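Per this note's numbering, the very first residue in the sequence shown carries number 50; after that it's consecutive.
We treat Cβ as the ideally placed atom computed from N, Cα and C, and that holds for glycine.
Computed from a predicted structure; not experimentally measured.
Have a look at the structure below before the remarks.
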Amino acid sequence: MTAHAPATTMTVWSQSRYGGPEVLTAATVARPVAGDGEVVVDVAAAALNSADVRIMRGDPLLVRLAFGLRRPRTAVPGRDVAGVVSAVGAGVTAWRVGDRVAGELSGGGLGDAVAAPADRLVAVPDDLDLAVAATLPLAGGTGWQALDLARVGEGSRVLVVGAGGGVGTFAVRLAVLRGAEVDALCGARAVPVIAGLGARRAEDYRGADLAAWEADAYDAVIDIAGSTPLRTLRRLVRAGGAVALVSGGSNRVTGPLGRILRAAVLSIGARRALRPLAAVARPEITARLLALAASGELVPPVERTWSLSEARAAMAHVDAGHTVGKVVVVR
Ligand SMILES: NC(=O)c1ccc[n+]([C@@H]2O[C@H](COP(=O)([O-])OP(=O)(O)OC[C@H]3O[C@@H](n4cnc5c(N)ncnc54)[C@H](OP(=O)(O)O)[C@@H]3O)[C@@H](O)[C@H]2O)c1
Numbered sequence: 050m051t052a053h054a055p056a057t058t059m060t061v062w063s064q065s066r067y068g069g070p071e072v073l074t075a076a077t078v079a080r081p082v083a084g085d086g087e088v089v090v091d092v093a094a095a096a097l098n099s100a101d102v103r104i105m106r107g108d109p110l111l112v113r114l115a116f117g118l119r120r121p122r123t124a125v126p127g128r129d130v131a132g133v134v135s136a137v138g139a140g141v142t143a144w145r146v147g148d149r150v151a152g153e154l155s156g157g158g159l160g161d162a163v164a165a166p167a168d169r170l171v172a173v174p175d176d177l178d179l180a181v182a183a184t185l186p187l188a189g190g191t192g193w194q195a196l197d198l199a200r201v202g203e204g205s206r207v208l209v210v211g212a213g214g215g216v217g218t219f220a221v222r223l224a225v226l227r228g229a230e231v232d233a234l235c236g237a238r239a240v241p242v243i244a245g246l247g248a249r250r251a252e253d254y255r256g257a258d259l260a261a262w263e264a265d266a267y268d269a270v271i272d273i274a275g276s277t278p279l280r281t282l283r284r285l286v287r288a289g290g291a292v293a294l295v296s297g298g299s300n301r302v303t304g305p306l307g308r309i310l311r312a313a314v315l316s317i318g319a320r321r322a323l324r325p326l327a328a329v330a331r332p333e334i335t336a337r338l339l340a341l342a343a344s345g346e347l348v349p350p351v352e353r354t355w356s357l358s359e360a361r362a363a364m365a366h367v368d369a370g371h372t373v374g375k376v377v378v379v380r
């Protein structure tokens, strides 16, 4: 009997132009090689985010300035990745073949393997499912950074607006774990999920009129929906409190820029801060999220798991905008 030769090709979902899920096609390509400072990760799971569909669509147009004018520079979507190291490039001492890792990359998760900068990865604890690990870096990291921006801690009273999706469910659970008292507005389907994460109150946003809610009731508001007027959000926080703006504005060209500028103007001399968030990949936060997940304190709600062969349908689901918790694509 002869040993099987290692595979030299692999399957990926890739795009050669901006557009909806129909631009994604399955292709057979050469397996990646680990360059200097890189490792190759055999992908076990990739969690999808609204960022993946914004980049797929190049929408708003501002996205194209950062990610490629005519098509995304990284043709294979999938930023949140977990898997096993299968090759190690020159200069990498932190990882060995067989290590279980997770991280937020510039893409590549919707394929069998991806070359990743070694310093973007963190170790996944032995007993943690790689599909759970994949949910954490981008959405969990954004929720974490939003809570930091609004200075949420022990005893804080927090309102999360738009709590039902990936970032929202992490923001709620992480605020609860910080010892905050959390109220949340989310879609009707997400209400029981949010209640299960430890929120004090979870309500359908469609029936809620925030302009009529009690003023000064919160230390922090985390706005992930981006559709409530800034003055309405600000009125809800006490003097010295803050509103973290995670999302904002649906302008086809400039996206959140208009809302960010309005927030800056409204914040001049104000005692209630409106702080736009620009979250970045932070491996040290991913490591802390992985530890919370391994301890069982953080159990990300996963709405549905799809196989790699169904990745286009998974992207279409996220593209539709009604994800509850996370969507994961597994091998
Ligand atoms: N600032 C940053 O650095 C940063 C980083 C990451 C993400 N983001 C932004 O954060 C947002 C969430 O990202 P994600 O990946 O978590 O998205 P996601 O998982 O696709 O979120 C979908 C959820 O949002 C809910 N939703 C939509 N509009 C709502 C509204 N007006 N009020 C309450 N809930 C609403 C939907 O509920 P229904 O189905 O009931 O409508 C659905 O449950 C996106 O806009 C993304 O661009 C910003």
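{"Asked": "Looking only at its own chain, which residues have a Cβ that is under 8 Å from the Cβ of V146, when we skip the five neighbours before and after it?", "Found": "V134, S135, A136, V137"}
{"Asked": "With H, G and I counted as helix, E and B as strand and the rest as coil, what does DSSP make of R149?", "Found": "strand"}
{"Asked": "Short check: CB of V378 to CB of A360, under 8 Å?", "Found": "yes"}
{"Asked": "Please indicate yes or no: does the CB of N34 lie closer than 7 Å to some heavy atom of ligand 1?", "Found": "Since the first and last residues shown for the chain are 50 and 380, residue 34 lies out of range."}
{"Asked": "Find out if the Cβ-Cβ distance for the pair W62, P126 is shorter than 8 Å.", "Found": "yes"}
{"Asked": "Buried or exposed, going by whether 16 or more other CB atoms sit within 10 Å of the CB of G290?", "Found": "buried"}
{"Asked": "Taking the C-alpha atoms as reference points, what is the distance between G297 and L323?", "Found": "12 Å"}
{"Asked": "Identify which residue in S99, G69, L73, S344 has its Cα closest to the Cα of L226.", "Found": "S344"}
{"Asked": "Is T77 near ligand 1, going by C-beta to nearest heavy atom under 7 Å?", "Found": "no"}
{"Asked": "Please classify A161 as buried or exposed, where buried requires at least 16 neighbouring CB atoms within 10 angstroms.", "Found": "A quick correction: the sequence has Asp, not Ala, at residue 161. Label assigned to D161: buried."}
{"Asked": "Return yes when at least one heavy atom of ligand 1 lies under 7 Å from the C-beta of T354, else no.", "Found": "no"}
{"Asked": "Name the two residues that bound the continuous alpha helix (DSSP H) containing V181.", "Found": "179-183"}
{"Asked": "Please determine, among A336, A124, G132, the residue with the shortest C-alpha to C-alpha distance to R380.", "Found": "G132"}
{"Asked": "How far does the alpha helix (DSSP H) with I309 in it extend, from its first residue to its last?", "Found": "306-316"}
{"Asked": "Alpha carbons only, please: which of R301, L282, V90 is nearest the one belonging to W262?", "Found": "L282"}
{"Asked": "Suppose the cutoff is 7 Å on Cβ atoms and the five residues either side in sequence are ignored; what does the same chain contact list for L154 look like?", "Found": "R128, V130, V163, A165, R169"}
{"Asked": "Check whether the stretch 263-282 and the stretch 242-250 touch, using three or more Cβ-Cβ pairs below 8 Å as the test.", "Found": "no"}
{"Asked": "To the nearest whole angstrom, what separates the beta carbons of A312 and L285, a pair I think is in contact under 8 Å?", "Found": "Their Cβ separation, rounded to whole angstroms, is 15 Å, which puts A312 and L285 out of contact at 8 Å."}
{"Asked": "What does a CB cutoff of less than 7 Å around G192 pick up in its chain, not counting 5 residues either side in sequence?", "Found": "V216, F219, A220, L223"}
{"Asked": "What did DSSP end up calling W262 once you bin it into helix, strand or coil?", "Found": "coil"}
{"Asked": "Quick one: does L185 have its CB under 8 Å from some CB of chain D?", "Found": "Reference to chain D is not applicable here, since this structure consists of a single protein chain."}
{"Asked": "Below 6 Å CB to CB, which residues in the same chain sit around A94 once its five sequence neighbours on both sides are set aside?", "Found": "A131, L179, A180, A183, V377, V379"}
{"Asked": "To the nearest angstrom, how far is it from the Cα of G117 to the Cα of R331?", "Found": "23 Å"}
{"Asked": "What number of angstroms, rounded off, separates the C-alpha of G152 from the C-alpha of A237?", "Found": "31 Å"}
{"Asked": "Taking only three categories from DSSP, how would you classify L323?", "Found": "strand"}
{"Asked": "CB-CB under 7 Å to P70, same chain, minus the five flanking residues each way: which ones, in chain order?", "Found": "R361, M364, A365, D368"}
{"Asked": "Alpha carbon to alpha carbon, how far is D175 from A106? Give it in angstroms, no decimals.", "Found": "Here residue 106 is Arg; the residue named in the question, Ala, does not match the sequence. Near 36 Å, if we compare the C-alpha coordinates of D175 and R106."}
{"Asked": "Do you know whose CA, among P349, A293, G156, lies nearest Q458's CA?", "Found": "It is not possible to answer for residue 458, since the shown part of the chain is limited to 50 through 380."}
{"Asked": "Curious, which full-length beta strand (DSSP E) runs of at least 3 residues does the stretch 218-253 contain?", "Found": "230-235, 250-253"}
{"Asked": "Would you decide whether D85 is buried or exposed? Buried here means 16 or more other CB atoms lie within 10 Å of its CB.", "Found": "exposed"}
{"Asked": "Based on DSSP bridge pairs, tell me the residues matched to P166.", "Found": "E87"}
{"Asked": "Could you tell me how far apart the beta carbons of L306 and L111 are, in whole angstroms, since I believe they sit closer than 8 Å?", "Found": "7 Å"}
{"Asked": "Distance, Cα to Cα, A75 vs S299?", "Found": "30 Å"}
{"Asked": "Look at the alpha carbon of T57 and the alpha carbon of V90, and state the distance between them as a whole number of angstroms.", "Found": "14 Å"}
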